[in-house]
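Each remark here refers to the structure printed beneath this line.
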Amino acid sequence: MLQIPEYKIPIVEIKTDFDIQIFIKREDLIHPKISGNKFWKLFFNVNQYLESKPEKPLLISFGGAFSNHIASVSAFGKQFDIPTIGIIRGNELENNWQENPTLSEASKNGMQFFFVSREDYQNKEKLTQKFSEKYPNALIIPEGGSNEMAVEGVRYMLGEDTKDFDYLCTAVGTGGTIAGISKFAEEHQKVVGIKVVRDDSLQKTISEWSRRSNFDLVDADENRYGKITDGNIRFINWFYEKYEIPLDPIYTGKMMQKIFDLAEKDFFPKGSKILAFHTGGLQGIKGANQFLKSKNRPLIDFENSIF
Ligand SMILES: *Cc1c(COP(=O)(O)O)cnc(C)c1O
Numbered sequence: 001m002l003q004i005p006e007y008k009i010p011i012v013e014i015k016t017d018f019d020i021q022i023f024i025k026r027e028d029l030i031h032p033k034i035s036g037n038k039f040w041k042l043f044f045n046v047n048q049y050l051e052s053k054p055e056k057p058l059l060i061s062f063g064g065a066f067s068n069h070i071a072s073v074s075a076f077g078k079q080f081d082i083p084t085i086g087i088i089r090g091n092e093l094e095n096n097w098q099e100n101p102t103l104s105e106a107s108k109n110g111m112q113f114f115f116v117s118r119e120d121y122q123n124k125e126k127l128t129q130k131f132s133e134k135y136p137n138a139l140i141i142p143e144g145g146s147n148e149m150a151v152e153g154v155r156y157m158l159g160e161d162t163k164d165f166d167y168l169c170t171a172v173g174t175g176g177t178i179a180g181i182s183k184f185a186e187e188h189q190k191v192v193g194i195k196v197v198r199d200d201s202l203q204k205t206i207s208e209w210s211r212r213s214n215f216d217l218v219d220a221d222e223n224r225y226g227k228i229t230d231g232n233i234r235f236i237n238w239f240y241e242k243y244e245i246p247l248d249p250i251y252t253g254k255m256m257q258k259i260f261d262l263a264e265k266d267f268f269p270k271g272s273k274i275l276a277f278h279t280g281g282l283q284g285i286k287g288a289n290q291f292l293k294s295k296n297r298p299l300i301d302f303e304n305s306i307f
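Now the structure itself:
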């Protein structure tokens with residue numbers, strides 16, 4: 001059994017000229033390598049698994065080469081001394097994964113990789129079956145880490161200090177995080193999810209997990225998953241300079257830019273108190289900069305200040 005850690009996560013105000021108040025909860029500070037929401041999503045899944053006393057505990061999951069989830073699973077395994085296997089999309093990485101910052105970090109955490117072609121990667125059911133035959137004792141965690149149990153873990157992102165806010169905002173990928181926020185929010189609170197992925201089934205998936213209708217989904221300006229825009233890079237560089245809070249270009253940067261945009265368009269009633277969850281993802285900045293540099297595009301300029 002893993003102990004529920006008692007993290008004290010700071011909530012800080014983002015001072016703006018809007019006629020609302022914006023705050024950010026720094027779940028990114030929970031652990032340098034495990035994004036806040038990924039930590040909580042893994043926590044109950046792994047705990048339940050360990051309660052069944054598996055003979056040789058092993059965590060297996062899926063992800064792309066820059067995946068926060070893969071980074072988190074590897075760091076989680078290291079922290080709690082459980083071996084991990086990552087099934088990684090793209091067999092072209094087989095010989096040069098060492099150059100990828102996410103994967104080389106995951107490997108340092110002890111993760112073992114299996115690289116699969118993009119085609120095979122699509123068929124998760126088949127992969128899952130293959131790996132569960134090979135490792136019958138392992139816990140196989142879905143890509144992105146979201147499932148019914150993951151949603152339960154998100155309750156720990158909420159507490160006495162979040163009860164007072166009118167709006168709770170988060171970036172949405174697979175929907176587990178917003179489902180948990182929606183499920184455990186106070187009666188008077190509205191939940192706003194900023195979608196960073198084009199997935200029309202999210203509304204339904206989230207409703208099934210949360211069983212409440214207190215949430216709205218809005219699209220990030222660029223909602224193709226993983227697509228980084230120069231405009232967003234400028235925004236997160238500006239944001240870091242002004243508030244000294246680093247954001248990532250895949251989730252939290254897109255979320256915060258959208259919140260500012262919504263505030264400008266008077267989406268939030270005057271005087272509202274908004275809480276945005278900083279769900280982490282900062283490990284992805286290295287890989288993002290590597291990519292941007294190769295394309296001669298503007299870079300995230302605070303990389304060296306935070307690592
Ligand atoms: C995975 C992730 C999210 C999205 O969480 P979901 O539960 O998949 O919707 C948000 N922010 C960061 C930094 C993430 O890594």
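Residue numbers (UniProt numbering): 1 to 307.
Using N, Cα and C, we set each Cβ at its ideal position, and we do this for glycine too.
Would you mind sorting residue i into buried or exposed? The rule is 16 or more other CB atoms within 10 Å of its CB.
i           : result
ARG89       : buried
GLY159      : exposed
GLU55       : exposed
GLU133      : exposed
residue 312 : For residue 312 there is no data in the structure shown, the boundaries of the chain being 1 and 307.
LYS295      : exposed
PRO5        : exposed
ASN304      : exposed
GLN283      : buried
PRO101      : buried
ILE271      : First, the residue type needs correcting, since residue 271 is Gly and not Ile in the sequence shown. Classification of GLY271: exposed, given that the 10 Å Cβ count is below 16.
residue 308 : Look at the range of the chain in this structure, 1 to 307, and you will see that residue 308 is not part of it.
Can you tell me which of the options puts its alpha carbon nearest to the alpha carbon of residue i?
i           : options                           : result
LYS25       : TRP40, LYS8, LYS33 and THR16      : LYS8
ASP19       : LYS293, GLY284 and LYS265         : LYS265
THR174      : ALA220, PHE131, ASP199 and PRO83  : ASP199
residue 308 : MET157, ARG155 and THR177         : This structure does not reach residue 308, given that the chain is present from 1 up to 307, and the question cannot be answered.
SER35       : MET149, ILE60, GLU241 and LEU247  : LEU247
GLU143      : LYS41, ASP216 and LYS183          : LYS41
PHE115      : GLU133, LEU93 and PRO136          : LEU93
ILE70       : ILE82, PHE80 and GLY86            : GLY86
GLU27       : ASN296, LEU275, ILE285 and SER294 : LEU275
THR279      : GLU13, ILE22, PRO32 and ASP17     : PRO32
ASN223      : SER210, GLN203 and TYR251         : TYR251
residue 310 : ARG118, ILE141 and GLU119         : Any question about residue 310 goes unanswered here, given that the chain covers just 1 to 307.
ASP17       : SER117, ASN289 and PHE260         : PHE260
PRO10       : ASP161, GLY110 and THR205         : ASP161
LEU139      : ASN289, LYS293 and SER52          : SER52
ASN96       : GLY110, LYS15 and ALA65           : ALA65
PHE184      : LYS163, LYS195 and VAL196         : LYS163
GLU13       : VAL196, GLU119, PHE277 and PHE291 : PHE277
GLN112      : MET157, ASN100, PRO83 and SER67   : PRO83
GLY287      : PHE307, GLN79, PHE268 and GLY271  : PHE307
TYR136      : PHE235, ASN91 and PRO57           : The amino acid occupying residue 136 in the given sequence is Pro; Tyr does not appear at that position. Taking only the C-alpha atoms, the option nearest PRO136 is PRO57.
GLY226      : PHE44, LEU292 and ASN47           : LEU292
TRP209      : ILE233, ARG234, ILE181 and VAL196 : ILE181
LYS38       : GLU187, TYR156 and GLU186         : TYR156
Kindly identify the DSSP beta-bridge partner or partners of residue i.
i      : result
SER61  : GLY86 and ILE141
TYR167 : LYS190 and ILE274
GLN112 : ILE85
LEU292 : Bridge partners of LEU292: none, in fact.
GLU13  : PHE23
PRO195 : For clarity, residue 195 is Lys in the given sequence; the question names Pro instead. LYS195 is bridged to VAL172 and ASP219.
Is residue i close to ligand 1? I mean its beta-carbon at under 7 Å from any heavy atom of the ligand.
i      : result
TYR167 : no
LYS33  : no
ILE178 : yes
SER132 : no
THR279 : yes
SER74  : no
LYS38  : yes
SER207 : no
TYR251 : yes
SER146 : yes
ALA185 : no
THR128 : no
ALA171 : yes
ASP248 : yes
THR174 : yes
ASN68  : yes
If we cut at 8 Å on Cβ distances, does residue i have a partner in chain E?
i     : result
TYR49 : As a matter of chain content, chain E is missing from the structure shown, which is built from one protein chain.
Can residue i be considered in contact with ligand 2, in the sense that its beta carbon sits closer than 7 Å to one or more heavy atoms?
i      : result
PHE277 : Ligand 2 is absent from the structure shown, which contains only ligand 1.
| field | Any 3 or more C-beta pairs closer than 8 Å across the stretch 243 to 261 and the stretch 167 to 178 | value | yes
| Taking contact to mean at least 3 C-beta pairs separated by less than 8 Å, is the stretch 60 to 75 in contact with the stretch 92 to 111? | yes
| Does the stretch 120 to 139 come within contact of the stretch 148 to 158, defined as at least 3 CB pairs closer than 8 Å? | no
| request: Evaluate contact between the stretch 230 to 249 and the stretch 287 to 306, counting only Cβ atoms and requiring at least three cross-stretch pairs below 8 Å. | output: With the cut-off at 8 Å, the stretch 230 to 249 and the stretch 287 to 306 touch.
| Any chance the stretch 185 to 193 sits against the stretch 213 to 222, with 3 or more Cβ pairs inside 8 Å? | Output reads yes: the stretch 213 to 222 touches the stretch 185 to 193.
| With contact counted as at least three CB pairs below 8 Å, one residue from each stretch, are the stretch 50 to 70 and the stretch 127 to 146 in contact? | As far as the Cβ criterion goes, the stretch 50 to 70 touches the stretch 127 to 146, which means the pair count is three or higher.
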